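Novice: In order, the protein sequences belong to chains A and B. Numbering follows this note's numbering, in which position 104 of the first sequence is assigned residue number 108; successive positions increment by one, without gaps. Numbering follows this note's numbering, in which position 69 of the second sequence is assigned residue number 226; successive positions increment by one, without gaps. Cβ coordinates follow ideal geometry from the N, Cα and C atoms, glycine included. Owing to the predicted nature of the structure, the values given are computational and were not obtained by experimental measurement. Quick one: structure below, then a few questions.
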Amino acid sequence: NAGVTQTPKFQVLKTGQSMTLQCAQDMNHNSMYWYRQDPGMGLRLIYYSASEGTTDKGEVPNGYNVSRLNKREFSLRLESAAPSQTSVYFCASSDAFPGYTFGSGTRLTVV
Amino acid sequence: GNSVTQMEGPVTLSEEAFLTINCTYTATGYPSLFWYVQYPGEGLQLLLKATKADDKGSNKGFEATYRKETTSFHLEKGSVQVSDSAVYFCALTLISSGSARQLTFGSGTQLTVLP
């Protein structure tokens, strides 16, 4: 089925550990996004990539890095995880308006 | 900056009750407005949209009208079902550079419908 695939679905990290969240889309969309969802705060944009080869900071980029590996894949890296990064992370892609398609999310807990 | 304010939840209704979830926005320019729905354990799905003033978006019995004069986009449904239980997010977007269209979300409203 066409869509956005995120891996892993669940992850528990210790403070200071690193990890990469993977995201891939098969809809040939140009733009991809990473959001985090926290209770009572909706979704906040971490980073986005308007097209292959470009990335830009969103509202809450601190503590994260991203890589647009190719048109399909957009990864999010936590270099040194902190408890404040406990959240649900969503990847999304878009092309022609309104075109947003979300993945099913990664639930990350940092202890 | 741009922002979206939703009525606080949670909202609990009986089946077949009337639903209203309020949403107001602040934006520089003329945004497009959306309602997204998130079912338990899933990602967000587009429910409906409106791109200009007085447009009415509708889908699955839900409706919302883009009111520029009151900067609002309230979600309504005449008769809710248990299967409508979910979290509902109001969101807006403005045309940005390139093809990327960043969404600004409200905080979400949890709806529970009891049989």
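Hey, does B/PHE175 have any beta-carbon neighbour from chain A nearer than 8 Å?
Specialist: For the purposes of this step, residue 175 of chain B is identified with residue 18 of the second sequence, where counting begins at 1. Not one chain A Cβ lies under 8 Å of B/PHE175.
Novice: Since A/ASN57 meets chain B, which of its residues come closer than 8 Å, beta carbon to beta carbon?
Specialist: Position 53 of the first sequence, counted from the start, is the residue given in the question as residue 57 of chain A. It should be pointed out that residue 57 of chain A corresponds to Gly in this sequence rather than to Asn. Within 8 Å Cβ-Cβ: nothing; A/GLY57 doesn't reach chain B, min ~11 Å.
Novice: For B/SER264, return the contacting residues in chain A, with the cut-off set at a CB-CB distance below 8 Å.
Specialist: Against the second sequence, residue 264 of chain B aligns to sequence position 107. The answer, in chain order, is GLY44, MET45, GLY46.
Novice: Taking only beta-carbon atoms, is A/THR24 less than 8 Å away from chain B?
Specialist: As a working note, residue 24 of chain A is residue 20 in the first sequence. False, the Cβ-Cβ gap to chain B never drops below 8 Å.
Novice: Please state whether DSSP places B/ARG258 in a helix, a strand or coil.
Specialist: What you label residue 258 of chain B is simply residue 101 of the second sequence in a count that begins at 1. Here B/ARG258 sits in coil by DSSP.
Novice: Among the residues of its own chain, which have a CB less than 7 Å from the CB of A/ALA86, if the five just before and after it don't count?
Specialist: For the purposes of this step, residue 86 of chain A is taken as residue 82 along the first sequence, with counting starting at 1. Contacts found: THR19, GLY67, VAL114.
Novice: Please report the residue range of the beta strand (DSSP E) in which B/GLY214 lies.
Specialist: Counting from 1 along the second sequence, the entry for residue 214 of chain B is found at position 57. Here the beta strand (DSSP E) through B/GLY214 covers 213-216.
Novice: Exposed or buried, which one is B/SER171 when buried takes at least 16 other CB atoms within 10 Å?
Specialist: For this step, residue 171 of chain B is matched to residue 14 along the second sequence. The residue in question, B/SER171, is exposed, as its Cβ has fewer than 16 Cβ neighbours within 10 Å.
Novice: Could you tell me whether any Cβ in chain B is nearer than 8 Å to the Cβ of A/GLY20?
Specialist: Taking the first sequence and counting its residues from 1, the one referred to as residue 20 of chain A is at position 16. For A/GLY20, the answer is no, since every Cβ of chain B falls outside 8 Å of its Cβ.
Novice: Output needed for A/SER22: all residues of its chain with C-beta closer than 8 Å, excluding positions within five of it in sequence on either side, in chain order.
Specialist: Counted from its first residue, the first sequence places residue 22 of chain A at position 18. Excluding sequence neighbours, A/SER22 sits near ARG81, LEU82, GLU83, SER84, ALA85.
Novice: Does the stretch 186-196 of chain B come within contact of the stretch 162-169 of chain B, defined as at least 3 CB pairs closer than 8 Å?
Specialist: Verdict: no, contact absent.
Novice: Let me see if you follow: with CB-CB separation under 8 Å, is A/SER79 close to chain B or not?
Specialist: Residue mapping note: residue 79 of chain A aligns to position 75 of the first sequence, counting from 1. Chain B, which has no Cβ nearer than 8 Å to the Cβ of A/SER79, makes this no.
Novice: Is there a C-beta anywhere in chain B that falls below 8 Å from the one on A/TYR93?
Specialist: Within the first sequence, residue 93 of chain A is the residue found at index 89, counting from 1. So no, A/TYR93 is outside the interface.
Novice: Considering only residues of the same chain and omitting the five flanking positions on each side of A/ASN34, which have a CB-CB separation below 6 Å?
Specialist: Taking the first sequence and counting its residues from 1, one reaches residue 34 of chain A at position 30. Excluding positions up to five away in sequence, the list reads SER55, ASP99.
Novice: Skipping 5 residues on each side, what residues in its chain have a beta carbon closer than 6 Å to that of B/THR208?
Specialist: Residue mapping note: residue 208 of chain B aligns to position 51 of the second sequence, counting from 1. SER189.
Novice: Report yes or no: do the stretch 32-49 of chain A and the stretch 59-78 of chain A share at least 3 C-beta pairs separated by less than 8 Å?
Specialist: Cβ pair count under 8 Å is three or more, so yes.
Novice: Determine, using beta carbons only, whether A/GLN26 and A/THR11 come nearer to each other than 8 Å.
Specialist: By 1-based counting over the first sequence, the position of residue 26 of chain A is 22. By 1-based counting over the first sequence, the position of residue 11 of chain A is 7. The answer is yes: Cβ separation under 8 Å.
Novice: DSSP state of B/VAL141, grouped into three classes?
Specialist: One cannot answer for residue 141 of chain B here, as it falls past the ends of chain B, which runs 158 to 272.
Novice: Kindly list, in the order they appear in chain A, the residues whose Cβ is closer than 7 Å to that of B/LEU260.
Specialist: In the second sequence, the residue the question calls residue 260 of chain B occupies position 103. The answer, in chain order, is TYR104.
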